[in-house]
Amino acid sequence: MNWIRRFGWIKYVIAFLVPVLVVLSINQHLDNDSWDVLAQGRYIVENGIYHEDVLSMHEGLHTVVQNYAFSVVFYWIHLVFGASGIYIAMILLFLVLLFLLYKVCMLISDKNVKLSLVLMAVTGSILALEFVVTRAQMIDYVVFMALIYVMELYIKTGRNKYLWWIPGLSIVLVNFHASVWWIIFAIIGTYIIDGFRRPKKILQGYRLKPLILISVISAVVGLINPYGVEMVTSIFAAYGGMSSLGVVSELASFNPMAGYGIIYYLMIVIVVALYAFAKRRPRVRYLLLFFGFLFMGLSSVKGMSEFLLVMFFPLAYVYKDFKIPKLFYNQKIGRIVTVWVGVLVMCISIVMAVRATMMAEDRPNRAMEEAMDVIDNEVGDKNKRELKIYVGYNQGGYVEYRGYPAYLDPRGAEFMKSVNGKDGILEEWIGLDTGKTKVDEFLGKYDFDFLVIEEYYEEALADLKDERYELIYSDDENETRVYKKVEAPQKV
């Protein structure tokens with residue numbers, strides 16, 4: 010059985026691929042926001058950074074593209090490799106995240122390999138249920154975990170050189186996804202608190218001057234971006250406004266009975282119980298991370314993803330002396346089973362990865378693609394940018410990706426008066442369903458050339474009866490419709 014011993018790496022394959030299998034099973038498409046990101050990236054590559062909105066049909070809307078660097082990279086990948094390339098990039102970022110999780114667990118558990126692999130696999134699998142998607146948040150996860158890793162290295166070794174990664178992480182995040190840049194300093198703050206030497210039995214105590222200095226430097230280099238201070242401050246007006254409007258589901262408060270909420274709730278209960286019954290007391294920084302991100306997680310679905318990211322890894326420190334028992338009493342049988350399970354997981358992963366990559370489509374859905382094809386045929390050689398297309402929040406990005414100016418798109422906050430400094434377009438759109446915005450007045454105000462309507466989201470316009478527009482497309486389920494403006498007859 011010597012050949013079995015040579016397959017010690019198989020446990021790593023299983024631990025890393027199980028979370029990936031969860032992603033491949035659940036998420037086999039591009040996120041709906043991808044089309045808006047592609048439209049942004051294409052414009053920036055071709056024309057440069059912009060400070061007034063250039064994608065929608067509205068004029069003079071001030072904007073800050075908080076994910077401009079991500080949009081550019083996203084567009085380049087799509088330009089060369091298509092939707093499949095975007096999907097593969099998501100999987101690769103996820104694997105980088107898993108590796109960083111493993112390294113953190115190994116570091117704080119004093120190299121308890123099995124425990125580290127288990128905690129990494131559990132964290133990855135829970136995140137994969139909803140939060141491993143083709144969005145900039147994948148960059149967030151990698152940056153946050155890299156930040157924790159370098160600070161743990163600093164504490165473990167006492168070497169300042171590891172801290173110099175932090176300004177680089179600050180620059181990356183402020184240019185790739187500035188809306189979460191502030192979280193870097195919230196995480197650093199928990200490490201600063203635990204660095205005080207009094208009270209000695211509670212706080213770990215380590216050199217704080219290098220950590221505080223590097224925090225200041227990281228804050229200053231955050232200004233290295235095309236929009237300056239506004240890049241990191243505009244999120245406050247945007248977040249508060251979007252939360253109050255209730256349009257974005259990921260900003261809604263955590264509901265344990267919705268989606269996978271019950272699983273997250275059970276995980277929280279289990280982890281709290283593991284902390285409570287542990288013989289080793291967790292470090293203060295881990296408790297601060299836990300309860301700080303728990304508050305964010307209970308406040309919003311988006312915050313829950315960041316909480317799940319930091320919830321499990323501190324258990325590697327608390328239970329670092331725990332030895333995971335052998336799978337089987339007979340070690341030979343255990344090794345044989347482990348090898349064949351690993352081979353099976355690898356084969357399934359390869360098949361599902363190929364299938365998922367091939368299924369990644371360059372469209373949000375068939376009906377929207379057909380709807381835009383119909384509009385293309387109607388437009389012909391006309392300049393697309395001179396037209397006005399009504400489309401709601403969810404599919405506006407795809408309309409812009411197809412080259413048309415849209416009434417609304419998934420950026421959301423960019424269409425609030427508190428952010429763009431001009432018009433409350435998002436509030437106006439919400440008013441259509443509440444009756445505050447009158448349909449007849451709304452259509453007269455904008456004189457749209459085409460209307461793309463999804464019945465599920467836009468009941469007020471679903472059965473449009475207006476002599477100014479004619480129906481030119483309806484999908485098989487009659488849920489997506491396209492209306493064209495009726496041209497006025499020319500006078501002889």
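Numbering-wise, the working numbering puts 246 at position 237 of the sequence shown, and it's gapless, one number per residue. Heads up, the beta-carbon is just placed ideally off N, CA and C, and yes, glycines get one too.
From L104 to V159, what distance separates their C-alpha atoms?
Stepping through the sequence shown from its first residue, residue 104 is reached at position 95. Stepping through the sequence shown from its first residue, residue 159 is reached at position 150. Straight-line Cα distance between these residues: approximately 18 Å.
Alpha carbon to alpha carbon, what distance is there between D203 and G94?
Numbered from its first residue, the sequence shown carries residue 94 at position 85. Numbered from its first residue, the sequence shown carries residue 203 at position 194. Using only the alpha carbons, I get a separation of about 42 Å.
For the structure I just gave you, are there three or more beta carbon pairs, one from the region 166-183 and one from the region 274-284, closer than 8 Å?
The answer is no - the region 274-284 does not touch the region 166-183, with fewer than three Cβ pairs under 8 Å.
For the beta strand (DSSP E) that contains T489, what are its first and last residues?
Here residue 489 refers to the residue found at position 480 of the sequence shown. From DSSP, the beta strand (DSSP E) with T489 extends over T489 to K494.
Just curious, the beta strand (DSSP E) that I398 is in, first and last residue?
Residue mapping note: residue 398 aligns to position 389 of the sequence shown, counting from 1. Note, I398: beta strand (DSSP E), I398 to V400.
Starting from the N-terminal side, write out each stretch of the beta strand (DSSP E) that is 3 residues or longer and does not extend beyond the region 354-415.
Segments of the beta strand (DSSP E) lying fully in the region 354-415: 398-400.
Based on the DSSP output, what are the partners of E61 in its beta bridges?
Here the question's residue 61 lines up with position 52 in the sequence shown. Paired residues: H71.
Could you please give me the residues that DSSP links to F459 through a beta bridge?
In the sequence shown, counting from the first residue as 1, residue 459 sits at position 450. Note: F459 sits in a beta bridge opposite I398 and K493.
My output table needs one value for L473: the three-state DSSP class, helix, strand or coil.
Your numbering for residue 473 matches position 464 in the sequence shown. Of the three classes helix, strand and coil, the one that applies to L473 here is coil, per DSSP.
Determine the direct distance from the alpha carbon of A155 to that of E436, and round the result to whole angstroms.
The sequence position of residue 436 within the sequence shown is 427, counting from 1. The sequence position of residue 155 within the sequence shown is 146, counting from 1. E436 and A155: Cα-Cα distance of roughly 39 Å.
Identify which residue in F245, K20 and L26 has its Cα closest to the Cα of C356.
Along the sequence shown, one-based indexing puts residue 356 at 347. Among F245, K20 and L26, the Cα nearest to that of C356 is on L26.
Where DSSP assigns a beta bridge to Y215, which residues make up the other side?
The residue given as residue 215 occupies position 206 in the sequence shown. Bridge partners of Y215: none, in fact.
Kindly indicate which residue of Y455, I148 and M425 has the alpha-carbon position closest to the one of F245.
Against the sequence shown, residue 245 aligns to sequence position 236. Checking every option, the nearest Cα to that of F245 belongs to M425.
With a threshold of 7 Å on Cβ separation, who are the neighbours of Y215 within its own chain once the five nearest residues in sequence on each side are excluded?
Taking the first residue of the sequence shown as position 1, residue 215 is located at position 206. Cβ neighbours of Y215 beyond the five flanking positions: I164 and G204.
Is the beta carbon of L138 closer than 9 Å to that of I272?
Here residue 272 refers to the residue found at position 263 when the sequence shown is read from its first residue. Here residue 138 refers to the residue found at position 129 when the sequence shown is read from its first residue. Taking 9 Å as the Cβ cut-off, I272 and L138 qualify as a contacting pair.
What is the rounded straight-line gap between the Cα of I481 and the Cα of S65?
Working through the sequence shown from its first residue, we reach residue 481 at position 472. Working through the sequence shown from its first residue, we reach residue 65 at position 56. Taking the straight line from one Cα to the other gives about 23 Å.
Whole-angstrom Cβ separation of F29 and I97, contact assumed at under 8 Å?
Within the sequence shown, the letter at position 20 stands for residue 29. Within the sequence shown, the letter at position 88 stands for residue 97. The sequence shown places Val at residue 29, rather than the Phe named in the question. V29 to I97, Cβ: 12 Å. No contact.
Can you grab the Cα-Cα spacing for the pair F337 / S134, in whole Å?
By one-based count along the sequence shown, residue 337 stands at place 328. By one-based count along the sequence shown, residue 134 stands at place 125. Because the pLDDT of F337 is 48, which lies under 50, any placement of that residue in the model is unreliable, and the number read from its coordinates should be weighed accordingly. Whole-angstrom Cα-Cα distance: 24 Å.
With a cut-off of 8 Å, do at least 3 Cβ pairs link the region 34-48 to the region 218-237?
With the cut-off at 8 Å, the region 34-48 and the region 218-237 do not touch.
Using the three-state DSSP reduction, which class does S262 fall into: helix, strand or coil?
Mapped onto the sequence shown, residue 262 falls at position 253. S262 falls in the coil class under three-state DSSP.
Using only the alpha-carbon positions, how far apart do T347 and V319 sit?
One-based indexing of the sequence shown puts residue 347 at position 338. One-based indexing of the sequence shown puts residue 319 at position 310. Taking the straight line from one Cα to the other gives about 29 Å.
Give me the Cα-Cα distance between T242 and K332, rounded to the nearest whole angstrom.
Here residue 242 refers to the residue found at position 233 when the sequence shown is read from its first residue. Here residue 332 refers to the residue found at position 323 when the sequence shown is read from its first residue. Computed Cα separation, rounded: 47 Å.
Going by the DSSP bridge assignment, what does Q478 pair with across the sheet?
Numbered from 1 along the sequence shown, position 469 holds the residue referred to as residue 478. Note that residue 478 is Tyr in the sequence shown here, rather than Gln. Beta-bridge pairing links Y478 to K494.
Would V428 pass as a contact of A415 if the rule is Cβ separation under 9 Å?
Residue mapping note: residue 428 aligns to position 419 of the sequence shown, counting from 1. Residue mapping note: residue 415 aligns to position 406 of the sequence shown, counting from 1. It is not a contact, given that the beta carbons lie outside the stated cut-off.
My guess is that L417 and Y402 are in contact by the Cβ rule of under 8 Å, so how many angstroms apart are they, rounded?
Here residue 417 refers to the residue found at position 408 of the sequence shown. Here residue 402 refers to the residue found at position 393 of the sequence shown. That belief holds up - the Cβ atoms of L417 and Y402 are roughly 5 Å apart, short of 8 Å.
For T2, tell me which candidate among E395, W85 and F90 has the shortest Cα-Cα distance.
In the structure as shown, the chain begins at 10 and stops at 501. Residue 2 is therefore absent and cannot be evaluated.
For S483, which beta-bridge partners are listed by DSSP?
The count along the sequence shown starts at 1 and reaches residue 483 at position 474. BP columns for S483 point to R490.
Alpha carbon to alpha carbon, how far is N56 from F194? Give it in angstroms, no decimals.
On the sequence shown, residue 194 is found 185 positions in, with the first residue counted as 1. On the sequence shown, residue 56 is found 47 positions in, with the first residue counted as 1. For F194 and N56, the distance between alpha carbons rounds to 33 Å.
What would DSSP say about H87, mapped onto helix, strand or coil?
On the sequence shown, position 78 is the one that residue 87 refers to. If DSSP states are grouped into helix, strand and coil, H87 belongs with the helices.
Where V54 and N234 are concerned, what is the direct C-alpha to C-alpha distance, given to the nearest angstrom?
As a position in the sequence shown, residue 54 is number 45, starting the count at 1. As a position in the sequence shown, residue 234 is number 225, starting the count at 1. Straight-line Cα distance between these residues: approximately 16 Å.
For the alpha helix (DSSP H) holding G177, just list the boundary residues, first then last.
The residue you call residue 177 lines up with position 168 of the sequence shown. Unbroken alpha helix (DSSP H) run through G177: W174 to F185.
If you draw a straight line from the alpha carbon of I221 to that of S125, how long is it in whole angstroms?
The sequence position of residue 221 within the sequence shown is 212, counting from 1. The sequence position of residue 125 within the sequence shown is 116, counting from 1. If you take the alpha carbons of I221 and S125, they lie about 30 Å apart.
So what's A287 in DSSP terms, helix, strand or just coil?
Translated into positions along the sequence shown, residue 287 becomes position 278. DSSP places A287 in coil when its eight states are reduced to three.
Excluding sequence positions up to five away, which residues of its chain have a Cβ less than 7 Å from the Cβ of V181?
Stepping through the sequence shown from its first residue, residue 181 is reached at position 172. Excluding sequence neighbours, V181 sits near V152.
What number of angstroms, rounded off, separates the C-alpha of C114 from the C-alpha of L128?
As a working note, residue 114 is residue 105 in the sequence shown. As a working note, residue 128 is residue 119 in the sequence shown. C-alpha separation (whole angstroms): 8 Å.
Just reading off the alpha helix (DSSP H) that F322 is part of, what are its end residues?
Stepping through the sequence shown from its first residue, residue 322 is reached at position 313. Unbroken run through F322: none, as it is neither H nor E.
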